[in-house]
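Below, the structure written as structure tokens:
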């Protein structure tokens, strides 16, 4: 395959992903607990041992405290794993840690569902806090 | 595309949506708790930042107290979001607030399931009160 | 459409539906709680306001006490709603009341799942008593 | 069950169904063949032998000539079978005959899919004319 | 519902939809026939009689000649039907006419799948030209 | 997110992807036509305009002549698109051209099914030669 | 298990199955070809070698000539295989022969879909005549 | 249908079903609770009133005490209902009683899911003991 | 894992698989073409390069000439691949060759559907002869 | 079938499976409970009585303590059952015992779902410890 040397840094999207920081905004509904779920089917990263690509769907549920995560910065953050080396077990835990630090949510759960490797299908679930079950 | 200038105000449906008020009727079965679920796949509104259309399915569950919501006025109310600017997180919370104010229900839950934006699928769940679990 | 005047009263099925009474028989297994579920996809009635037909699937679960409902009389009873005017909210509650009066069950639940009207899909759940959760 | 004697003739919907006639309008796109499909899940009629109700989903496909069928009159026409006695084999053929007489279509197909009777699930397919396969 | 008067014209997305023109680019693969399919689940327009909203999924297949349609302009074009009054039968035919005029394709097919109205589910299929069956 | 500078070139998988060349082996069954289908759900590349990632499933069908494609080299070849900028319309056509040049097959078809962009789901189908229909 | 000696011959259903003969009635729609499909999920017979029960779903399609098969006699006929010894390959062919002899149809197809035996799922398809493809 | 008089008693399978007794073996894993589920889609019996055949899928869950049921004897036991007359409500309860007497399990549940009769789909669930929820 | 040295040759099933020869019997229905389909989800073999196990579902369709394949010998034959080294492309072709030599069928098709290897899902379809399309 | 005598011991995969030992690595996320699920659809072993092959999907869930299981050694361990004789009831319990001994997890569950034998579908669930329900 003829691989044309593309100067990636010149593309706007590439720069937006590189410069992105997760952003938050104030929760506009403080008088009740409620739950937000994001399903992100386009997660990809690299195996830290081999450099081969891995693929997953991330599902993020949270019950906000004072803050909500801004959707576009979340999308770019997920795009940002593309060239990172990270193990299956750590993907859910790292995204969980990052969002807990940003949002201080009442409850947050990250579910990472990877494609088959070694004939085995792996999922990892990391949770912070206890949900208000009435608000699920 | 040739966009014929349609005088919307002259159509009956357009006027019904504009003039609609959510209506209630008396709960005819007061001797037990029971649950009503409405699934409304035709919700659409506008993004307050960009003006682009958003689409969602709303699912509304409630256990009535003294009042039930009238179905046709609910349909027109949902139609009425078509030209409103409102964020994903606020749709479920606003519909929840409106129906709680109208119905004073024992329990009410609004689940809003939006189509994909930024490669991410978002849902929001807002709940008022605790359900009688025997009646779910 | 040429509508041939059919003298309905002369048909056996029509008469069986008209003359039917819900019947019960003695529960033959009194030494344990157990659960019976009937799913009836052929419920139809009329809208009391407009006279237009409505359609639903009824799901009936119960844990019998001294009595069980006889299946054929239940089928004919459901057939009997065909020419009745009754609101969505009342279908589940009326069937629940009728079966509770007949069977004095330990637990009975009626779930009515209607076809779309006004772009909205409605279900109603009415429950009598508390189930023995071990026997569900 | 207490069967309140409802004076059906007084309801608007009942009268609309009784007085309905299938209507047609001029095909606005004569420069190409195209295909319209209607799926009608709420067909019910009576068994001519027994008077028991039958239920079906009708699927109607056609490639219009000079005329198209008006949707609301079609809905009311299907409602009009509710009190008619008609055999499974005849439902698809009668609807096909009626629409061919009304529309003189280039192609018309009626597929009737009945619920189980005698442990057997029956479908009947009646077709008029040959479709333009490029336009299916 | 409190309907805040939003000045729609000031939003960027609203203006982009209003000012959009369908755009084309040169087909880069002229040495073979091939097929492109777009599925657009977010089509909405207004009923010309009543002003009530209608919803559909559009599926567009074509085999390009000299030109391909630009994806973003297609998205904005579909957004542009939101305030148009147009009948079910005409949606597929108008989109077909517009794309044929723009692209002069070897083959183009528009399939419009509407949500239920009057208890009936309608689809319309309009086709221009004959496909190269080897390239489907 | 703390982005550790990973020296990708040092990983074995990264090097294998970079150095990979599509390989072929002799067809061991020349006395009949037969069909091989590969489904590859882990295709990703970059948008040439924006640098944002795109995702697709590729389905490749072929009827071999003298040669078959070696599976591992095909996997690495698909991995190799990860950092390439390429348009949707061109993915199917380029993979088709590459495999036709390598294999000189009797028939080859590439179907690329992309994830949603701009609310639209796109697929592209490119075909070389005519299949022996008996062997599909 | 206590096996109460049930005198089967005394039951009405048992006698109806034993005495049943397949019946036909005149085709009421001779002016067009049309297709009837019966799906019968409750077929059971015995393995002629072992006496163990076998289970299948039968699907029967036909385009009638002068005669149609009467539904209730077909149901009883299928019930009548319960105590017969017959091989998988012969079920579809025998039912096909029987219905062809009774109906002299333009086209008739029997598809028998058996449950797993020896870790293998078997189906058999027997066909008489050629269908009018326009009427399928 | 020509019904060849098959001397059933001479077949090995017929004799095995007639002579079968449910068998048990010692539970080899006594240091923990665990759950076994059998799904048996080939249950058939006779209606005690009419002699017509009934069909069901049985699902059996249990947490063993000292004994486990031997699979082949269970299969033959289920085959043994073929010529028994038994009501829907009693099938689950009788199988439950038989297995409780044989196995003295910590927990046992029988779920019987019958095919449609009288347009109604019936299931019956009988349970003995309480499950260890950690071991489900 | 403690791997007890099991003397496989002493088991009846192991010997039956080793000694099995594909068997045929005379086609009892020569007066029409018909089709038999076997679906075998329990195929496993070894990769000739690595010795790692591969898994597939085989689907075999044929229209018999003078002979039919005996089901039990086919099951044992498929079991016999368990310790064979064979490539994906060759599985379908070898089974096709073997059955053609045994049966001299009018038409035979083998479809092998393998589990994912190298993130790619592979199927292979080998066909002998042309089917009678009326009998499919 | 011509069974070429393949010297299995010479293959790398065969040797890796034979020499494999389950391996563990340190849990990198000790500050929270989390759950890992592996789904392994390629389990096969032999029936200890007959020597015939059995097939299952294994699902393993655990909440790690100090250790996690290494994925590749798990895959090879599952491959290692291929020539072992082991009963259905014991598969889940043995894998559970092995992983508990290796990992000393807070919670571990093995669910084994076997293909049909004797017309019955069997699953077995073995569990060690109690899960932290917040982390499921």
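Residue numbers (our numbering), protein chains in the order written: chain U, 1 to 136; chain E, 1001 to 1136; chain C, 2001 to 2136; chain G, 3001 to 3136; chain B, 4001 to 4136; chain W, 5001 to 5136; chain X, 6001 to 6136; chain L, 7001 to 7136; chain F, 8001 to 8136; chain P, 9001 to 9136.
In this text, a Cβ means the ideal position worked out from N, Cα and C, and glycines have one as well.
Bear in mind the structure is a predicted one, so any value in this text is a computation, not a measurement.
Members of the region 8088-8113 of chain F near chain U, C-beta cut-off 9 Å: none
Cβ neighbour criterion (16 or more within 10 Å) applied to residue 1019/E: exposed
Length of the line joining the Cα atoms of residue 8062/F and residue 8133/F: Going by the C-alpha atoms only, they are around 12 Å apart.
Through-space distance from residue 1031/E to residue 103/U, alpha-carbon basis: 44 Å
Chain P contacts from the region 8041-8060 of chain F (Cβ-Cβ distance under 8 Å): Going along the region 8041-8060 of chain F in chain order, one finds 8041, 8042, 8044, 8046, 8047, 8048, 8049, 8050, 8051, 8052, 8053 and 8055 with a Cβ nearer than 8 Å to chain P.
Neighbour flag for residue 9166/P against chain U, beta carbons, 7 Å: The shown model of chain P, from 9001 to 9136, leaves out residue 9166/P, and the question about it has no answer.
Residue 7018/L: contacting residues in chain P (beta-carbon distance under 9 Å): Within chain P, no residue comes near residue 7018/L; the closest Cβ sits about 17 Å away, beyond 9 Å.
Residue 4021/B to residue 4100/B span [Cα, whole Å]: 15 Å
Own chain residues within Cβ distance below 7 Å of residue 4048/B, not counting five before or after: 4085, 4086 and 4087
Cα-Cα separation between residue 5076/W and residue 117/U, rounded to whole angstroms: 15 Å
Integer-rounded CB distance, given that residue 5035/W should sit under 8 Å from residue 5059/W: So it is not a contact: roughly 12 Å between Cβ atoms.
Proximity of residue 2033/C and residue 2135/C at Cβ, strictly below 7 Å: yes
Distance, residue 130/U Cα to residue 7130/L Cα: Taking the straight line joining both Cα atoms gives about 28 Å.
Residue 9061/P, enclosing beta strand (DSSP E) - first and last residue: 9053-9063
Proximity test, Cβ basis, 7 Å: residue 4122/B and chain E: Output row for residue 4122/B: interface = no.
Presumed contact (8 Å Cβ cut-off) between residue 6056/X and residue 6027/X, rounded CB distance: Contact flag wrong, Cβ pair sits at about 28 Å.
Range covered by the alpha helix (DSSP H) that runs through residue 7099/L: 7088-7103
Backbone secondary structure at residue 1125/E - three-state DSSP: strand
Below-7 Å beta-carbon distance, residue 4127/B vs any chain G residue: yes
Bounding residues of the beta strand (DSSP E) (the contiguous stretch that carries residue 4036/B): 4034-4046
DSSP bridge partner residues for residue 4112/B (one or two, in chain order): 4058/B and 4124/B
Contact with chain B by residue 1011/E, beta-carbon distance below 7 Å: yes
Buried/exposed call for residue 4114/B, threshold 16 Cβ in 10 Å: Looking at its Cβ environment, which holds 16 or more other Cβ atoms inside 10 Å, residue 4114/B is buried.
One or two residues paired with residue 2085/C in a DSSP bridge: Answer is 2046/C.
Interface flag, residue 7132/L vs chain C, CB-CB below 7 Å: No, no contact with chain C.
Residue 5123/W versus residue 5073/W: straight-line alpha-carbon distance, rounded: Rounded to the nearest angstrom, the two C-alpha atoms are 24 Å apart.
Distance between residue 1052/E and residue 1119/E (C-alpha atoms, nearest Å): 16 Å
Proximity below 7 Å, CB of residue 2012/C to CB of residue 3014/G: no
Check: residue 4061/B C-beta below 6 Å from any heavy atom of the ligand NAP: The ligand NAP is not part of the structure shown, which contains no ligands of any sort.
Chain-ordered neighbours of residue 1082/E on chain B, where CB pairs are closer than 7 Å: 4053
Whole-number beta carbon distance between residue 5068/W and residue 5054/W, since they are thought to touch under 8 Å: The pair is not a contact, with the Cβ atoms about 29 Å apart (cut-off 8 Å).
Sheet register partners of residue 2026/C (DSSP bridge): 2067/C
Simplified DSSP state of residue 3021/G, which is helix, strand or coil: coil
C-alpha distance - residue 5041/W paired with residue 5079/W, whole-angstrom precision: 11 Å
Alpha-carbon spacing of residue 4094/B relative to residue 4108/B, whole angstroms: 12 Å
Alpha carbon of residue 5037/W to alpha carbon of residue 5126/W, nearest angstrom: Cα to Cα, residue 5037/W sits roughly 14 Å from residue 5126/W.
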